[in-house]
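A.B. asks: In this note's numbering, the protein residues as written are 7 to 161.
Here it is: the structure, laid out below.
Next comes the structure, spelled out in structure tokens:
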């Protein structure tokens, strides 16, 4: 069992136990710091990277988060990543959720912070596994003063 599968298994087990104790209240995802993303083989990409859009969510205020797929320099295969763009403001956030259990427990890589008004930003990128339908992604973001929104369904 890989380390990510162990983390996801523990997260799922903790969520089931906690939900049972709290009468079914949802449990927050396991969150990896930006540095921890490298532990799960996410790769750093340019803040303005583009790719093939798989989904998008409107964050309001002229901003959106896209779930994109592209090749990444120095890495084999397609990689999925999140990108926030539009009329961004310093402090807006973007991140990528990744799951090996069809979204039943996941790792959050980020958040990554927009550094200046009008600038895009990306999450780190994770290799796509087209041969396993349980291996899924979603892109999430939150604008300053707004609420979190994620692409749905998982891709």
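Note that beta-carbon positions come from the ideal geometry of N, C-alpha and C, so glycine has one too.
Owing to the predicted nature of the structure, the values given are computational and were not obtained by experimental measurement.
(1) Please report how far the alpha carbon of residue 155 lies from the alpha carbon of residue 72, in whole angstroms.
(2) Along the chain, where does the beta strand (DSSP E) containing residue 100 start, and where does it finish?
(3) Assign residue 94 to one of three DSSP states: helix, strand, or coil.
(4) Measure the alpha-carbon distance for residue 49 versus residue 152 and round it to whole angstroms.
(5) DSSP three-state call for residue 119: helix, strand or coil?
(6) If residue 63 sits next to residue 157, beta carbons under 8 Å apart, how far is it from one beta carbon to the other, in whole angstroms?
(7) According to DSSP, simplified to helix, strand and coil, what is residue 154?
(8) Determine the direct distance from the alpha carbon of residue 113 to that of residue 70, and round the result to whole angstroms.
(9) Expressed to the nearest angstrom, what Euclidean distance is found between the alpha-carbon atoms of residue 79 and residue 111?
(10) Jot down the residue ranges of each uninterrupted beta strand (DSSP E) in the stretch 42-92, minimum 3 residues, whole runs only, in chain order.
(11) Look up residue 109 in the DSSP assignment and say whether it is helix, strand or coil.
(12) Just reading off the beta strand (DSSP E) that residue 144 is part of, what are its end residues?
C.D. replies: Checking against the coordinates, here is how it stands:
(1) 11 Å
(2) Taken as a continuous stretch (DSSP letters only), the beta strand (DSSP E) holding residue 100 covers 99-105.
(3) coil
(4) 28 Å
(5) strand
(6) About 5 Å separates the beta carbons of residue 63 and residue 157, which is inside the 8 Å limit, making them a contact pair.
(7) coil
(8) 21 Å
(9) 29 Å
(10) 58-66, 69-78 and 81-92
(11) coil
(12) Start and end: 142-148.
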